[in-house]
Amino acid sequence: MSGEIFMVKSPMRAGAALNLSRITAEVAARHGMLVMPDDPAMLLVTMNEVVLQQVIGSIEARTEEMVAGIEAGLRSAQHEALGIVEKEARKAGIAVREEIQKDIDAGRLHARELIVELNRAYSRSAVRRWVAVGVIAASGLLMLGVGLGVLLARVLK
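Numbering (the working numbering), first residue to last: 257 to 413.
Set out below in structure tokens:
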């Protein structure tokens with residue numbers, strides 16, 4: 257069995273491989289002892305690998321839980337931030353709308369003032385026009401009366 261690779265299946269990570277020939281070579285190089293792949297000491301190596309795989313699996317599970325928690329927290333923070341941004345955008349929109357309404361109201365007031373001034377100016381000119389028409393009509397009637405009077409005086413004489 258020298259130099260073989262054994263597959264060890266763990267509940268957490270399937271497919272992890274032990275290279276027993278590399279392990280025996282490393283033990284020989286470091287300690288000057290030859291350990292065979294079927295030696296009981298190799299049982300400890302396999303047991304250590306299984307324990308390490310379980311610990312790594314547990315760490316992976318906890319890491320995944322932490323990542324999921326962080327992602328949920330980020331989603332929550334993003335949702336909260338979007339809510340805050342939306343609220344502030346509404347406030348800004350309302351403020352802009354209020355300022356526009358103030359400008360519109362000021363424009364209306366100014367337009368009313370202009371209309372009142374135009375009405376006054378038009379009323380004055382209309383009054384002057386009617387006065388002028390009245391004076392002209394009165395002058396015409398006076399001239400007509402004088403002309404008729406002169407004509408009647410010549411005819412009746």
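Glycine residues also receive a C-beta, built at the ideal position from the N, C-alpha and C atoms.
Please read these numbers as outputs of a predicted model, since none were measured by experiment.
Measuring CB to CB, does residue 301 end up less than 8 angstroms from residue 326? no
With the cut-off set at 8 angstroms, would you say residue 290 and residue 284 are in Cβ contact? Yes, these two residues count as a Cβ contact at 8 angstroms.
Boundaries of the alpha helix (DSSP H) in which residue 298 is found, first to last residue: 296-412
Under the three-state reduction of DSSP, which class applies to residue 274: helix, strand or coil? strand
Can you tell me whether residue 283 is helix, strand or coil according to DSSP? helix
Under a Cβ-count criterion, where at least 16 other Cβ atoms within 10 Å of its own Cβ denotes burial, should residue 397 be classed as buried or exposed? Under this definition residue 397 is an exposed residue.
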